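Everything below concerns the one structure shown next.
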Amino acid sequence: LKRNSESTKDLTVFLLLLLLLLLLLLLVGRVWKMLKEGRVKRSTFFQDYEDSLHPHSAHYQKNDRCPPPSQTLPERACEVPSCRSDSECEKHKRCCYNGCIYACLESVPPPPVLDWLIQPKPRWLGGNGWLLDGPEEVLQAETCSTTEDGDDPLHCPTGFECHIIHPGNAAEGIPNQGQCIKLRGNSGELLVGR
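If you read the sequence shown in the numbering used here, its first letter stands for residue 7, the second for the next number, and so on.
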């Protein structure tokens with residue numbers, strides 16, 4: 007009985023390996039057919055395959071990029087030799103869109119990296135994550151008024167005082183307008199929350 011189950015496992019493994027081999031042969035056959043029909047350039051196919059195997063190779067990590075297409079189409083832009091990948095271009099050039107076709111163009115260096123003058127204190131999120139504080143938000147000042155013209159004036163919350171910016175005109179019924187400012191004690195400390 008044990009011998010029967012072992013032979014069944016062996017047969018299953020053999021059939022799976024045979025299926026994988028058939029799939030691999032089909033794939034190779036398709037690629038070969040595409041190469042023979044000229045739908046894929048041999049050098050391009052193998053170069054792209056090499057790049058996927060070695061993503062950190064010198065060829066893959068070019069420190070350059072394509073220039074933006076020109077606003078006006080350069081003279082004879084459509085008549086230059088075309089390309090399909092960077093591997094068809096010289097080392098200092100890239101396969102870029104020139105406004106008409108993809109052609110080998112001079113590469114443009116990436117913009118410079120700007121670093122902080124003073125690095126903010128990072129907060130650890132856990133794992134590989136760090137959180138940096140964003141820019142401080144400027145809080146919108148709350149509008150207030152001290153004019154009493156029958157309507158209730160716009161008072162400030164507790165710990166704030168109305169600092170009048172526009173005096174208004176009581177004769178014309180225009181109330182004054184200000185902004186709520188935090189109250190401070192004699193030593194300059196904030197009195198909010200006391």
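Think of the CB as a built atom: it goes at the ideal place given N, C-alpha and C, for glycine as much as any other residue. For clarity, every value in this text was computed on a predicted model and none was experimentally measured.
{"query": "Cut-off 7 Å between Cβ atoms - residues of its own chain near A83, not counting five sequence neighbours on either side", "result": "N104, G105, C106"}
{"query": "Neighbourhood of N69 by C-beta, 8 Å cutoff - its chain only, sequence neighbours within 5 removed", "result": "Bear in mind that the predicted position of N69 carries a pLDDT of just 43, short of 50, making it too unreliable to give a figure here."}
{"query": "Continuous beta strand (DSSP E) stretch holding G184: start and end", "result": "183-188"}
{"query": "Alpha-carbon to alpha-carbon, L79 and L29", "result": "48 Å"}
{"query": "Limits of the beta strand (DSSP E) - the one that I170 falls within", "result": "166-172"}
{"query": "Buried or exposed by the 16-neighbour rule on C-beta atoms within 10 Å, applied to T18", "result": "exposed"}
{"query": "Endpoints, the beta strand (DSSP E) within which C101 is located", "result": "99-103"}
{"query": "Residue burial classification, E56 (beta-carbon count within 10 angstroms, cutoff 16)", "result": "Below a pLDDT of 50, predicted positions are generally treated as unreliable, and E56, at 44, falls in that range; the measurement from the model is reported next regardless. So E56 counts as exposed."}
{"query": "Distance between K97 and L22 (C-alpha atoms, nearest Å)", "result": "45 Å"}
{"query": "Nonlocal neighbours in the same chain, by C-beta distance under 7 Å from C95, ignoring five residues either side", "result": "C89, C101, C110"}
{"query": "Close beta carbons around S76, own chain, < 7 Å, minus the five adjacent residues each side", "result": "G105"}
{"query": "C72 versus S91, H172, L24, residue with shortest Cα-Cα distance", "result": "S91"}
{"query": "Alpha-carbon spacing of E85 relative to L27, whole angstroms", "result": "46 Å"}
{"query": "Residue from K15, P118, P87 whose Cα sits closest to the Cα of Y108", "result": "P87"}
{"query": "Alpha carbon of P173 to alpha carbon of N182, nearest angstrom", "result": "4 Å"}
{"query": "Sequence-distant residues of its chain with Cβ nearer than 7 Å to T149 (five each side left out)", "result": "L160, Q183, Q185"}
{"query": "Simplified DSSP assignment, three categories, for L28", "result": "helix"}
{"query": "For I107: DSSP bridge partner residues", "result": "Bridge partners of I107: none, in fact."}
{"query": "I170 and T152 closer than 8 Å at C-beta", "result": "yes"}
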